[in-house]
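Everything below concerns the one structure shown next.
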Amino acid sequence: MALRVIVTRPAAQARGWIERLRARGIDAVALPLLEISAAADTGAMTDAWHSLDRFALAMFVSPNAVTHFFAARPAGAAWPEDLRAAATGPGTVDALVAAGVPRALCVAPVAPPFDSTALWDRLRDEDWSSRAVLVVRGDGGREEFARALAGAGGTVRWVTAYRRSAPQWSDHERSLCEAALAAPDEHLWLLSSGEALGHLVALAPGAQWGASQAIASHARIAEKARALGFGRVTEVPPTLDAVVAVVADHERPQGRFVQSSSP
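Everything in the sequence shown is counted per the numbering used here, starting at -6 for the first residue and increasing by one.
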């Protein structure tokens, strides 16, 4: 039996994932667990654009950070030809390239885990003394990267490009969740945010997740999914090929999850 994959990323990223999964013959639907909106203070992004040439590096925490920062680009502003753009994973690199940053200027972890710790491992051997780094993020996050940079003598300028909040589900979206809970062996949740899992608790109060199965894009997300009660959680890099392979494994008879019963 084919599984339906529930893509929980914010709406803009969910659309791309659904298109690519369907192109690979996988039934996929969007059920966002995070809502993304532009930051209230766009002036800070305008100022950052005008001072990009002062930074040794610009770090983007997510594709959303790229999208909203480049949407705020002032007329006539250009990306400096020698400014590197750092990213925590391949999705953010793809967003940077789509926005016009040369791929040769992008630096990111080359293998999982795709996170800020792995990114710093790629950068830590450089001399960061008295060098400034721009970090483009949502409303909070990435303090570990900033602490590591400060410990190496560098400085961080934060710019908030977007805000995260809990979504307001439509009747259709609520029915998708109810269908997944009613037939957990026919659905596979694609999880990409620990914060989003907190929203799921509020959106589906009292739900029992013991028979549900999920793919998590990071160990921390997998841990939170298990804590919520998901019966089967597979950690996998956030790449299309990796996700498709796990879906195929779950669809094999030997890969199907059967909830164990007490003796």
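For each residue, glycine too, the CB sits at the ideal point set by N, CA and C.
Short of 6 Å from the beta carbon of P105, and not among the five residues preceding or following it, lie these beta carbons of its own chain, in chain order: P230.
The continuous alpha helix (DSSP H) containing V237 extends over residues L233 to E244.
Judged by their CB atoms, V94 and L127 are not nearer to each other than the 8 Å cut-off. According to the DSSP assignment, D20 belongs to no alpha helix (DSSP H) but to the beta strand (DSSP E) extending over D20 to A23. With respect to the C-alpha of F53, the residue from D242, D108, G187 and R117 having the closest C-alpha is D108. Taking a C-beta distance under 8 Å as the contact criterion, I208 and V239 qualify as a contact pair. For W10, the uninterrupted alpha helix (DSSP H) segment begins and ends at A4 to A16.
Pairing E188 with L27 gives a Cβ-Cβ distance under 8 Å. Between A33 and G131 the beta-carbon gap is near 12 Å, outside 8 Å, which marks them as no contact. Take L221, set aside five residues on each side of it, and the residues of its chain with a beta-carbon closer than 8 Å to its own are L190, L193, V194 and W202, in chain order. Counting every other CB atom within 10 Å of its CB across the protein chains shown gives H180 a total of 16 or more, marking it as buried. Apart from sequence neighbours up to five positions away, no residue of its chain approaches P198 with a beta-carbon distance below 6 Å.
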